[in-house]
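Taking it in order: structure first as C-alpha cells, then the write-up.
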Amino acid sequence: MKETLKEQIFVRDMATINAEEIEEIEKKELELVSMEEFPPELLIKHPLQNTWTLWYYEQDRSKSWEESQRQITSFDTAEDFWSLYNHIKSASELRQGSDYSMFKEGIRPMWEDDANKHGGRWLINLDKKQRSTELDHFWLEILLCMIGEGFNEFSEDVCGAVVNVRARQDKLALWTGDASSSQSIMEIGRKLKERLRITSKVTIGYQIHKDTMVKAGSMTKNTYMV
Ligand code: MGP
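Numbering (our numbering), first residue to last: 9 to 234.
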C-alpha cells in the first residue's frame with residue numbers, strides 16, 4: 009500500500025506545489041499508517057518547541073524581490089518536518105537563482121521584518137564543487153539544529169536560515185535577531201561550525217543586515233568571525 013503512495017509522490021516543482029497539496033499527501037499517509045493498525049501511541053507526533061515556516065523564492069522579473077517570496081507551509085512536529093523535507097526538491101536540485109528559507113512562524117525571511125531588522129547572519133560561502141558534496145547535507149544539518157533548538161539557551165535569538173542557489177557560489181546563512189548580542193552570536197557561530205564539522209582552519213563571518221542592505225558592489229564587512 010505504502011509503496012503505491014510513495015510512487016505517486018514525486019519531487020514537486022516548488023513553483024506549483026501549495027500548502028493544501030502537502031496537507032492532502034500527509035493526510036493520505038496518516039490514513040495508510042492507521043490502516044496498518046499501529047497502536048495509537050505510535051501515531052502521536054513529536055511536537056517541536058517552535059512552529060516553522062518554509063519559504064521559497066524564485067527569480068521572476070515581473071515581480072519585486074519581496075513578492076517573489078512564497079510561503080509554502082508551516083509545521084510544528086518532527087514528523088511533519090520530515091514529511092515536508094522528503095517531498096520537496098533538495099537545495100542542490102533547485103533552479104539557480106532560487107532560495108529556500110525556513111523561519112520561525114511569523115517572521116518573514118527579509119531584513120525588513122521586525123524580528124530581523126536589528127539582526128544579521130552567519131554566512132557560509134560554498135565553492136562550486138561543494139554543491140554536490142556539501143550543500144544538501146549542510147542545509148539539512150542547519151534545519152535540524154534549528155528545529156531541535158540545538159543552540160541551547162541562545163536558540164531564542166535564531167530567526168531562521170536561508171540557502172541561496174547561485175551560479176557564482178551557493179550560500180547558506182543562519183539569521184539571528186540582535187546584532188549587538190555578541191555572546192549569543194559567537195556561541196551560535198561556534199555551534200554552527202561544530203554541527204557542520206567545519207574545521208578550525210576555515211573562518212566564517214557574521215554580517216549585520218543593515219550593512220548588507222547598503223553594500224554597493226563590494227563585499228559586506230564581517231562584524232564577528234569564528
Ligand atoms: P540575495 O538573494 O541575498 O543574494 O540578494 P545574491 O543573489 O547572491 O546577490 P548578492 O547581492 O549577495 O551578490 C540579492 C538581492 O535580493 C539584493 O540585492 C536585494 O535586492 C534583494 N534582497 C535580498 N534580501 C535578503 C532582501 C531582503 O531581505 N529584503 C529586500 N527588500 N530585498 C532583499
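Positions of the beta carbon are idealized from the N, C-alpha and C atoms, including for glycine.
| Check | Outcome |
| --- | --- |
| Proximity winner among Ser-109, Lys-125, Gln-138 and Asp-135, relative to Met-221 (alpha-carbon distances) | Lys-125 |
| Complete alpha helix (DSSP H) runs within the region 109-181 (minimum length 4 residues, chain order) | 144-155 |
| Element boundaries [alpha helix (DSSP H), containing Ser-190] | 190-203 |
| Neighbourhood of Gly-158 by C-beta distance below 8 Å, restricted to the same chain and skipping five residues each side | Leu-152, Lys-199 and Arg-203 |
| Counted within 10 angstroms of its Cβ, other Cβ atoms place Met-110 as buried (16 or more) or exposed | buried |
| beta-carbon Glu-74 near ligand 1 non-hydrogen atom, thresh 7 Å | yes |
| Asp-122 CB to nearest heavy atom of ligand 1 below 7 Å | no |
| Test item: CB-CB of Leu-56 and Thr-85 under 8 Å | yes |
| Reduced DSSP category for Ser-235 - H, G, I as helix; E, B as strand; rest coil | There is simply no residue 235 to check, as the chain begins at 9 and stops at 234 in what is shown. |
| Contacting residues, own chain, Cβ-Cβ under 6 Å from Asp-122 (five flanking each side not counted) | none |
| Whole-angstrom distance between Thr-61 and Leu-102, CA atom to CA atom | 18 Å |
| Length of the line joining the Cα atoms of Met-233 and Tyr-93 | 31 Å |
| Short Cβ contact (8 Å threshold) for Trp-183 with Arg-129 | yes |
| Span separating the alpha-carbon of Lys-179 from that of Leu-131 | 7 Å |
| Where Thr-184 falls: helix, strand or coil (DSSP) | strand |
| DSSP beta-bridge partners of Ser-82 | Thr-61 |
| Length of the line joining the Cα atoms of Ile-206 and Ile-30 | 34 Å |
| Proximity below 8 Å, CB of Asp-107 to CB of Asn-26 | no |
| Ligand 1 heavy atom lying under 7 Å from the CB of Lys-179 | yes |
| Extent of the continuous alpha helix (DSSP H) to which Val-222 belongs | 217-222 |
| Residue of Gln-177, Lys-201, Gln-77 and Leu-50 minimising C-alpha distance to Trp-119 | Gln-77 |
| Closest Cα partner of Lys-209 within the set Ile-216, Gln-215 and Lys-201 | Lys-201 |
| Contact check, Ser-192 vs Phe-162, beta carbons under 8 Å | yes |
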